[in-house]
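Peer 1: Below you'll find the structure I mean.
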Amino acid sequence: KQEVTQIPAALSVPEGENLVLNCSFTDSAIYNLQWFRQDPGKGLTSLLLIQSSQREQTSGRLNASLDKSSGRSTLYIAASQPGDSATYLCAVMGSRETAGNKLTFGGGTRVLVKP
Amino acid sequence: DGGITQSPKYLFRKEGQNVTLSCEQNLNHDAMYWYRQDPGQGLRLIYYSQIVNDFQKGDIAEGYSVSREKKESFPLTVTSAQKNPTAFYLCASKTGGLGPQHFGDGTRLSIL
Chain A
1 KQEVTQIPAA LSVPEGENLV LNCSFTDSAI YNLQWFRQDP GKGLTSLLLI
51 QSSQREQTSG RLNASLDKSS GRSTLYIAAS QPGDSATYLC AVMGSRETAG
101 NKLTFGGGTR VLVKP
Chain B
1001 DGGITQSPKY LFRKEGQNVT LSCEQNLNHD AMYWYRQDPG QGLRLIYYSQ
1051 IVNDFQKGDI AEGYSVSREK KESFPLTVTS AQKNPTAFYL CASKTGGLGP
1101 QHFGDGTRLS IL
């Protein structure tokens, strides 16, 4: 069964520092991996989706890498701002069970960017 | 605007009561999903539906029921059999294939 882990559970950095968020998964048989942002009491906002054939995806200050063989993805946020404070979750879509295109989520990393 | 609407935002349940959470989407997505999120944890799949009039259990379906009579709507009923219903419930939808899931703003359910 696929397991997704995000370490650390919480992270605090000063404004301007680059953020590095980690996601690991146990089964490399995946279609894709998705990074989400969640603000307190809100739903999830999709940030980046990386297909299994890709190594990375970029959107503005965000860059996500994927190493499928080692079961790892990293989300980089350059020059962090207080508005980046949120919980970041990663989720994988496994390819062993195709019915429903279901996602398996990590527990999230709660980020605080201090002014 | 296209999106996913969940209502109500907050819901309270009495002992022995069934409650229904609404999820409506106008994105013309085929697939819809219900997740439960407990404090400090990731999301766990309750039920999903890939087409109208068809749905499947997820990892934690016990104590919940769903229907999919219309493409746009996927209501979730939390029954009295669900002994620990206090959580944040999120609805999502996606097109067919391997594209991203899109989420609503969630419903927070508490026990009175």
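Taken in sequence, the protein lines are chains A and B. Residues in the first sequence are numbered consecutively from 1, following the numbering used here. Residues in the second sequence are numbered consecutively from 1001, following the numbering used here. Cβ coordinates follow ideal geometry from the N, Cα and C atoms, glycine included.
By Cβ distance below 7 angstroms, which residues in the same chain neighbour B:G1016 in space, the five residues on each side in sequence not counted?
Peer 2: Walking along the second sequence from the start, residue 1016 of chain B turns up at place 16. These residues qualify, in order along the chain: S1080.
Peer 1: To the nearest angstrom, how far is the alpha carbon of B:G941 from that of A:L89?
Peer 2: Nothing in the structure corresponds to residue 941 of chain B, since chain B is present only between 1001 and 1112.
Peer 1: Is the beta carbon of B:L1098 sitting closer than 8 angstroms to the one on A:Q51?
Peer 2: The residue labelled residue 1098 of chain B in the question sits at position 98 within the second sequence. The residue labelled residue 51 of chain A in the question sits at position 51 within the first sequence. Yes, the Cβ-Cβ distance between B:L1098 and A:Q51 is below 8 angstroms.
Peer 1: Please determine, among B:P1085, B:L1109, B:I1060 and B:H1029, the residue with the shortest C-alpha to C-alpha distance to B:F1103.
Peer 2: Mapped onto the second sequence, residue 1103 of chain B falls at position 103. For the residues B:P1085, B:L1109, B:I1060 and B:H1029, the minimum Cα distance to B:F1103 belongs to B:H1029.
Peer 1: May I have the straight-line CA-CA distance separating B:D1054 from A:K1, to the nearest angstrom?
Peer 2: The residue you call residue 1054 of chain B lines up with position 54 of the second sequence. The residue you call residue 1 of chain A lines up with position 1 of the first sequence. Cα to Cα, B:D1054 sits roughly 25 angstroms from A:K1.
Peer 1: What number of angstroms, rounded off, separates the C-alpha of B:V1052 from the C-alpha of A:A29?
Peer 2: Residue 1052 of chain B sits at position 52 when you count from the first residue of the second sequence. Residue 29 of chain A sits at position 29 when you count from the first residue of the first sequence. The alpha-carbon atoms of B:V1052 and A:A29 are separated by roughly 29 angstroms.
Peer 1: So, are the CB atoms of A:S65 and A:E17 less than 8 angstroms apart?
Peer 2: Along the first sequence, one-based indexing puts residue 65 of chain A at 65. Along the first sequence, one-based indexing puts residue 17 of chain A at 17. In this structure, A:E17 does not lie closer than 8 angstroms to A:S65 by Cβ.
Peer 1: Can you pull the chain B neighbours of A:L103, defined as C-beta to C-beta under 7 angstroms?
Peer 2: The residue labelled residue 103 of chain A in the question sits at position 103 within the first sequence. Correct list: Q1101.
Peer 1: Should A:G108 be flagged as near chain B, meaning a C-beta pair shorter than 8 angstroms?
Peer 2: Numbered from its first residue, the first sequence carries residue 108 of chain A at position 108. Judged by the 8 angstroms Cβ criterion, A:G108 is in contact with chain B.
Peer 1: Locate the beta strand (DSSP E) running through B:R1044, then write down its first and last residues.
Peer 2: Stepping through the second sequence from its first residue, residue 1044 of chain B is reached at position 44. Start and end: L1043 to I1051.
Peer 1: Answer with yes or no whether the minimum CB distance from B:A1061 to chain A is below 8 angstroms.
Peer 2: Along the second sequence, read from residue 1 onward, the residue named residue 1061 of chain B stands at position 61. With 8 angstroms as the cut-off, B:A1061 does not count as an interface residue toward chain A.
Peer 1: Report the option in A:R55, A:G83, A:I77 and A:N63 whose CA atom is closest to the CA atom of A:S70.
Peer 2: Walking along the first sequence from the start, residue 70 of chain A turns up at place 70. Among A:R55, A:G83, A:I77 and A:N63, the Cα nearest to that of A:S70 belongs to A:R55.
Peer 1: Report the rounded CA-to-CA distance for B:N1018 versus B:Q1041, giving the unit in angstroms.
Peer 2: If you number the second sequence from 1, residue 1018 of chain B lands on position 18. If you number the second sequence from 1, residue 1041 of chain B lands on position 41. Cα to Cα, the separation comes out at about 25 angstroms.
Peer 1: Under a Cβ-count criterion, where at least 16 other Cβ atoms within 10 Å of its own Cβ denotes burial, should A:G41 be classed as buried or exposed?
Peer 2: Here residue 41 of chain A refers to the residue found at position 41 of the first sequence. So A:G41 ends up on the exposed side.
Peer 1: Let me make sure I understand the geometry here. Which of B:R1036, B:Q1025, B:A1031 and B:I1060 has the alpha-carbon closest to that of B:T1107?
Peer 2: The sequence position of residue 1107 of chain B within the second sequence is 107, counting from 1. Among B:R1036, B:Q1025, B:A1031 and B:I1060, the Cα nearest to that of B:T1107 is on B:R1036.
Peer 1: Tell me whether the beta-carbon of A:S59 lies closer than 8 angstroms to the beta-carbon of A:L44.
Peer 2: Walking along the first sequence from the start, residue 59 of chain A turns up at place 59. Walking along the first sequence from the start, residue 44 of chain A turns up at place 44. No.
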